Structures are given as structure tokens and as C-alpha cells.
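Student: Dropping the structure in here first, questions after.
Now the structure itself:
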């Protein structure tokens with residue numbers, strides 16, 4: 000919406016060559032350039048005359064190529080280039096002349112989307128900070144405006160969900176879903192996004208077994224390839240495993256990361272999305288079928304150390320700790336820190352998603368995670384933050400007693416069976432789904448609850464994990480480079 004607003008204000012609707020003068024680098028704060036890309040423009044961040052001519056001279060003089068050049072007022076752009084570009088100043092003052100630009104600084108893309116929906120209804124001069132703040136509070140963040148916005152964005156997201164074909168599509172969908180879910184909770188608005196979880200579940204049943212062959216420069220794709228990925232991209236790193244942290248939870252945690260430069264990607268947890276399976280896979284470079292103890296966590300540290308040694312690290316270069324006070328000596332090059340707070344909140348939760356929001360917000364305010372990250376960065380570590388699984392809201396179907404292999408987990412979303420004669424009766428009674436055993440030990444059968452259901456006390460509302468919904472399976476994969484933060 001904000002992107003469309005900038006697009007319409009600029010010369011792009013009637014010119015194929017556009018110069019956007021963005022002195023505040025607003026494009027880095029708010030992704031408005033995607034609206035130009037959607038109309039066929041190639042986006043170029045201008046560095047200097049020589050580089051531009053080498054890479055884009057031909058396109059600049061082409062009658063067909065559509066080009067958007069991002070630059071500053073003081074950028075030297077030669078006359079012959081300048082005369083072919085239609086210039087437009089992208090600044091808060093220029094875009095919203097009736098509001099105070101200082102009051103608008105630091106706002107998010109969501110804030111600007113909401114603003115664009117109501118700005119045209121204002122005819123008053125609100126250029127004082129107080130007047131702008133009141134306009135934001137009374138009009139921009141009004142419940143009716145937020146509700147309209149959420150419905151619009153959910154409709155757009157559902158169109159993307161129906162068309163989703165690959166893991167990259169689902170990573171982007173998970174990120175957008177978490178944004179809408181969080182805004183709805185913050186605004187006390189009901190927003191039902193559960194249909195997305197169901198459609199993703201169908202994707203997982205059909206495609207999850209093919210993901211091991213995927214290679215991506217931005218993400219390990221599966222958590223079981225995370226150690227390889229980090230080893231290849233960092234000489235000295237720490238992986239912080241936030242047990243149970245979903246995309247929704249990370250959105251809250253990230254608000255305490257002011258001043259920390261990071262890249263956000265995503266990865267798939269293992270299915271079933273339990274700690275014993277997925278966290279061990281994340282730390283070992285193994286698939287569940289390769290783990291020594293897939294149903295228990297007693298071998299986790301050993302699995303991590305063995306993996307690190309296979310990657311070439313010595314005992315002195317390997318560190319494994321728990322808790323926010325973790326630190327490593329100067330010899331350590333490969334470290335892991337386990338944080339259980341989020342998972343503990345999930346299994347103690349009585350207020351559903353809104354309860355998770357308030358609990359994570361309180362924890363975020365303590366800045367334990369961000370302060371630990373800053374400490375590791377200061378010690379020269381690249382820091383990665385990820386999770387073994389996310390979490391989701393469910394209603395209990397009733398407990399299954401005395402059936403299945405004992406799995407060390409607090410979640411009740413799945414049953415592992417071995418030589419069990421009456422599997423079909425369990426499937427029919429509880430509406431369970433038989434999972435295709437992707438990457439899992441083949442001597443067992445795996446039954447997983449449908450979206451929104453768990454094998455907890457009948458009728459009980461819980462937050463849990465272990466299934467194959469989008470909220471449980473797609474987890475954040477955050478990359479923070481020491482060199483970018485220690486300048």
C-alpha cells in the first residue's frame with residue numbers, strides 16, 4: 000500500500016526511466032521498491048558513474064527497459080544520464096506534506112500502509128508533532144482502519160497461499176502471516192489465519208521429503224543442514240537455539256534489536272516438530288533417522304560435539320552452553336547456546352496466542368536475548384538465531400493412553416507406533432494423519448494430529464507443537480555478522 004502510494008506519486012506511471020532521490024534511505028526501512036518491481040521496473044541503487052555505465056548504460060538508453068535508480072541529492076549523476084531519468088524526491092515531508100516528518104521517522108511498513116489508507120481524508124495542517132501524533136492515534140491506528148487493513152492483507156495473502164509452489168513461497172507466507180497475526184493481537188482484533196496452516200500441511204505431506212536436495216545461499220532450508228551452512232559462512236560463530244520460537248515470537252523479540260544489523264531468513268524444522276528430533280537435527284547435521292536417540296535428548300550435546308569435530312573443530316574450539324549468561328573462551332570457534340524460555344511458556348500457557356504475546360513481550364523487555372547477542376558480537380562471533388520448532392494453538396481431542404513409543408516431549412500432537420496392530424482405529428477415532436516417514440526411522444509409524452487439534456485433555460485449549468502446521472514447521476533463521484556490527 001505504501002509502495003503503491005510512492006509509485007503513484009512518482010513519475011513511474013508515465014515514464015520508463017525514474018530517478019528516486021531518497022536522501023533518508025527510506026527504501027531500506029520500508030520496502031516501497033517492490034511496488035515498482037511489480038510494474039516491471041528493475042531497481043538499481045546508484046553507487047557511482049563508472050559502475051552504473053558498465054552495468055546499466057545499455058538499459059538506460061533502451062526504449063523498452065524500465066529502470067528505477069535510487070540515489071541521494073549529492074550523488075554525482077552526469078548530465079546525459081540525468082536527462083534520461085524523471086526525478087522524484089522520496090521523503091516523508093514530500094510524501095506527507097500536512098504531517099510532521101520527525102514524528103513519522105522510524106515508523107514501520109505497516110504504519111505507513113495504515114497511514115496511506117486515511118491520509119487522503121485529512122485536509123488540515125497537522126505539521127506540529129503533537130497534531131501529527133494525535134492524527135496517528137485517532138485515525139491511523141483506529142480499530143476500524145486496522146481491521147480493514149488486516150482483511151485486505153489477509154485476502155492478498157490467501158491469493159499467494161493458493162499459488163504457493165515452493166519453499167521460498169512458504170517462507171515468505173510464514174513471515175507475512177506472523178506480521179498479520181501480531182498486528183491483530185496488538186489491536187485486539189479477531190483474525191482467522193488457520194486455513195493457511197491447513198494448506199501448508201498438504202504441501203508438507205507432498206513435498207517435505209524433497210527438500211533435502213534444495214541448496215540456497217540465504218538459508219540451510221532444513222534445520223538439519225544448519226551446521227553445514229554456518230560453518231561455510233562464518234569462521235567463528237555461535238548458534239542460539241530458541242526452543243519453540245515461532246515467526247510470531249521472533250517478531251516480538253526483534254523489537255529489542257535496535258542498532259543490531261541482521262538478515263532474516265527462515266528454515267524448516269523437522270517433522271514431527273518435537274524438540275528431541277528437531278533440535279538434535281539442528282545441532283548435528285543429521286536427519287532423524289541418523290540420530291543415536293531420536294526420541295530422547297540425552298545425546299544432544301554429544302551429537303553437537305561430534306558434528307563440530309567432523310567439520311574440523313578441535314575440542315578447545317567447541318562450546319555448548321545453556322542460558323543467557325553463556326560465554327565462550329577466546330579459543331572457541333563453534334558454539335551453541337540453548338534457551339528454553341519460549342518452550343516453557345508454550346507448555347505453561349493458559350491464554351492462547353494472546354498469552355504468548357504478553358509473555359514474549361515481557362521477556363523481550365528484559366533484553367536478555369539482545370544483550371547476549373551484543374556480547375557475542377563484541378567477542379568477534381557471528382551470531383545465528385533459530386529454533387527447533389514453533390508453536391500453535393490447539394484444542395484437545397482426548398488423551399491416548401498406553402499406545403506408542405515413549406517420546407521425550409511435552410507436546411501431544413503426534414504418536415509414534417511400532418508393531419501396533421490397531422493403527423487404523425486410532426486414525427479413525429482421532430482424525431489423525433499418517434505421516435509419510437520423510438527422513439525418519441522406517442521401523443515406526445507416525446500419526447500426527449490435524450491442524451488446530453492435539454491429543455490433550457478433551458476440549459482443553461492449549462499452545463503446543465509436534466505437528467506440521469506452518470506455525471510449527473517454518474522457523475526464523477537470523478544471521479548477524481560481527482563485521483557488520485563492530486564498526
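Numbering (this note's numbering), first residue to last: 0 to 486. Note that CB positions come from ideal geometry on N, CA and C, so glycine has one too. None of the values given here were measured: they were computed from a predicted structure.
Examine chain B for any beta-carbon lying closer than 9 Å to the beta-carbon of residue 237, and answer yes or no.
Tutor: The structure shown contains no chain B; it holds only a single protein chain.
Student: Only counting runs of 4 or more residues, tell me where the alpha helix (DSSP H) segments fall wholly within the segment 218 to 250, in order along the chain.
Tutor: Runs found: 225 to 232.
Student: What are the boundary residues of the beta strand (DSSP E) that includes residue 181?
Tutor: It is not in any beta strand (DSSP E) - residue 181 instead sits in the alpha helix (DSSP H) that spans 166 to 185.
Student: Ordered along the chain, which non-local residues of its own chain (more than five positions away) have a Cβ less than 6 Å from that of residue 272?
Tutor: 388, 464, 465, 471 and 472
Student: Straight-line CA distance for residue 1 to residue 21?
Tutor: 15 Å
Student: Per DSSP, what are the beta-bridge partners of residue 16 in this structure?
Tutor: Bridge partners of residue 16: 66.
Student: So, do the segment 147 to 163 and the segment 184 to 200 have three or more beta carbon pairs nearer to each other than 8 Å?
Tutor: yes
Student: Leaving out five residues before and five after residue 53 in sequence, what residues of the same chain have Cβ atoms less than 7 Å from its Cβ?
Tutor: none
Student: By Cβ distance, which residues of its chain are closer than 8 Å to residue 290, with the 5 residues on each side in sequence left out?
Tutor: Only residues of its own chain outside the window of five on either side were considered, and among them 276, 279, 280, 283, 298 and 302 have a CB closer than 8 Å to the CB of residue 290, listed in chain order.
Student: Contact defined as beta carbons within less than 8 Å: I believe residue 163 pairs with residue 265. What is the distance between those atoms, to the nearest angstrom?
Tutor: Not really, about 14 Å apart at Cβ, beyond 8 Å.
Student: At a cut of 8 Å, does the segment 391 to 401 reach the segment 456 to 463 through at least three beta carbon pairs?
Tutor: yes
Student: Could you work out which residue in 483, 135 and 11 is closest to residue 83 when comparing CA atoms only?
Tutor: 11
Student: Measure the beta-carbon distance from residue 477 to residue 336 and round it to whole angstroms, keeping in mind my assumption that it falls under 8 Å.
Tutor: Contact between residue 477 and residue 336 fails: their C-beta atoms lie close to 13 Å from each other, not under 8 Å.
Student: Compare the beta carbon distance of residue 19 and residue 26 with 9 Å and say whether it is the shorter of the two.
Tutor: yes
Student: Among 467, 440, 90 and 116, which one has its Cα closest to the Cα of residue 292?
Tutor: 440
Student: What does the Cβ neighbour count give for residue 268, buried or exposed, with the cut at 16 atoms within 10 Å?
Tutor: buried
Student: To which residues does DSSP link residue 263 through a beta bridge?
Tutor: 477
Student: Name the two residues that bound the continuous alpha helix (DSSP H) containing residue 416.
Tutor: Premise fails: residue 416 lies in the beta strand (DSSP E), 413 to 416, not in any alpha helix (DSSP H).
Student: Could you pull the DSSP bridge partners for residue 321 from this structure?
Tutor: 337
Student: Within this structure, are the beta carbons of residue 319 and residue 338 separated by less than 9 Å?
Tutor: no
Student: Which partner residues of residue 463 appear in the DSSP bridge assignment?
Tutor: According to DSSP, residue 463 bridges with 391.
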